[in-house]
Amino acid sequence: MCKMSFKKETPLANAAFWAARRGNLALLRLLLNSGRVDVDCRDSHGTTLLMVASYAGHIDCVRELVLQGADINLQRESGPTALFFAAQQGHNDVVRFLFEFGASTEFRTKDGGTALLAASQYGHMQVVETLLKHGANIHDQLYDGATALFLAAQGGYLDVIRLLLSSGAKVNQPRQDGTAPLWIASQMGHSEVVRVMLLRGADRDAARNDGTTALLKAANKGYNDVIEELLKFSPTLGILKNGTSALHAAVLSGNIKTVALLLEAGADPALRNKQSSAEPGKREQPRKGFKRTLKYQLLKEEVLINKERPMNFQQN
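See the structure below:
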């Protein structure tokens with residue numbers, strides 16, 4: 012029998028873990044019935060047989076372990092339960108079975124993770140639906156503040172996002188660093204997610220603690236599909252509180268098409284960056300080979316450059 016002190020496992024216990032991991036029901040049953048392997052035996056990390064079988068999605072082994080008295084709500088050393096592992100891996104049949112025998116959604120991992128957060132992070136829509144039906148808290152957060160909606164937005168899981176929003180998830184709930192679901196979806200280039208969130212009331216100008224907005228981040232990355240969705244909701248094109256703008260970000264990143272898109276939307280090329288990330292005494296420069304193309308694009312768009320201090324596009 013393996014103790015919570017995580018002593019060295021016995022050969023028979025190791026064989027039971029192998030059987031649970033591989034889905035070998037006959038061997039698992041034989042070992043359990045021998046009386047020489049405890050059903051709640053743990054490995055050196057506190058992992059139980061039920062956790063292993065749940066992670067692997069072997070419903071027959073899960074059923075056998077539970078019927079032989081396995082404690083469904085035991086936690087691994089790092090916090091997850093069998094339900095967490097089943098949810099993380101998208102095994103909805105295992106999740107439903109565990110609920111029938113009293114699985115709880117309240118247990119957390121060391122970083123604050125819950126079964127709902129895990130299922131949302133990996134895009135398992137059916138599991139998310141099952142968890143919500145069994146009382147999972149839709150407002151659960153990791154200890155850094157990330158919600159189920161945030162994690163689904165980060166992964167671009169549109170079906171999960173729609174389900175969470177229709178179930179009452181807060182579309183503008185940020186992490187502790189101020190990052191909102193719309194911001195993270197924009198950073199990752201998930202244009203359809205951005206569209207859905209904007210239609211559901213996401214703040215187009217919500218900024219992180221460092222002052223960057225979804226538009227600025229999308230401009231920096233060159234995600235033009237995202238930018239087009241954001242522009243439909245008239246985001247701020249001017250200088251932000253951090254002293255820069257989306258146009259500055261696009262220029263410095265060398266994204267020609269993004270620059271053209273922002274100029275067409277009304278971004279002012281004469282705006283001056285009030286803050287620079289460059290070293291003191293140095294000026295940030297667009298990427299190599301970008302100046303001539305940008306000059307052509309600006310002329311093509313017939314943009315009036317600030318006459319008092321025009322941009323310098325001369326080649327070195």
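The sequence shown begins at 12 in my numbering and counts up by one.
Virtual Cβ for every residue (Gly too), placed ideally from N, Cα, C.
As the structure is a prediction and not an experimental result, all values here were calculated from the model.
Could you check which residue in the options has the C-alpha nearest to that of residue i?
i	options	result
Ser264	Gly277, Tyr234, Ser245, Arg283	Tyr234
Asp188	Leu42, Asp155, Ala281, Gln100	Asp155
Val63	Phe108, Ala97, Ser202	Ala97
His135	Asp122, Ala257, Asp104	Asp104
Leu78	Ala163, Ser115, Ala281, Val50	Val50
Ala191	Gly249, Val106, Asp214	Asp214
Leu36	Asp71, Ser45, Ala24, Tyr66	Asp71
Arg211	Leu176, Ser245, Gly46, Asp236	Leu176
Ala130	Ile149, Gln100, Gly123	Gln100
Glu117	Glu111, His102, His145	His145
Suppose you measure from the CA of residue i to the CA of residue j; what does that come to, to the nearest Å?
i	j	result
His259	Leu128	36 Å
Ala27	Leu38	7 Å
Gln132	His69	22 Å
Leu174	Asn284	41 Å
Met15	Leu169	For Met15, the predicted model reports a pLDDT of 44, less than 50, meaning its position is unreliable; a value from the coordinates is still stated below. For Met15 and Leu169, the distance between alpha carbons rounds to 41 Å.
Ala261	Thr269	6 Å
Leu160	Ala180	7 Å
Pro22	Val48	10 Å
Leu315	Leu242	Since pLDDT at Leu315 reaches only 43, below the 50 mark, its modelled position is unreliable, and no value is offered.
Leu162	Val171	10 Å
Lys252	Gly222	6 Å
Val73	Pro185	37 Å
His56	Leu248	51 Å
Leu43	Arg53	14 Å
Glu240	Val139	27 Å
Arg32	Asn25	11 Å
Gly300	Phe244	Note that Gly300 scores a pLDDT of 47, beneath 50, so its modelled location is shaky; the value from the coordinates is reported in the next line. Going by the C-alpha atoms only, they are around 33 Å apart.
Ala147	Asp236	34 Å
Tyr66	His102	8 Å
Leu246	Leu274	First, the amino acid is wrong: residue 246 is Pro here, not Leu. Approximately 13 Å between the Cα atoms of the pair.
Ser45	Asn220	59 Å
Ser115	Ile149	14 Å
Gly124	Pro280	45 Å
Glu88	Glu20	16 Å
Ile195	Asp122	19 Å
Met322	Ala126	Because Met322 carries a pLDDT of 44, less than 50, the predicted location of this residue cannot be relied on, and no value is offered for it.
Gln8	Glu111	Outside the shown range of the chain, which is 12 to 327, sits residue 8, and nothing can be said about it.
Are residue i and residue j closer than 8 Å when you measure CB to CB?
i	j	result
Ile83	Gly113	yes
Ile238	Leu272	yes
Thr120	Pro91	yes
Asn266	Ala230	yes
Ser197	Lys228	yes
Thr158	Gln165	no
Leu109	Leu85	no
Glu75	Arg40	yes
Gly167	Val204	yes
Asn183	Ala218	no
Ser256	Ala278	yes
Can you give the beta carbon distance from residue i to residue j, rounded, assuming they're within the 8 Å contact cut?
i	j	result
Gly200	Lys232	7 Å
Ile250	Leu282	6 Å
Leu143	Ser178	6 Å
Leu61	Ala30	Wrong, their Cβ atoms sit about 13 Å apart, outside the cutoff.
Residue i: beta carbon under 7 Å from a heavy atom of the ligand HEM?
i	result
Val237	By its list of ligands, the structure shown contains no ligand whatsoever, and the ligand HEM lies outside what it can speak to.
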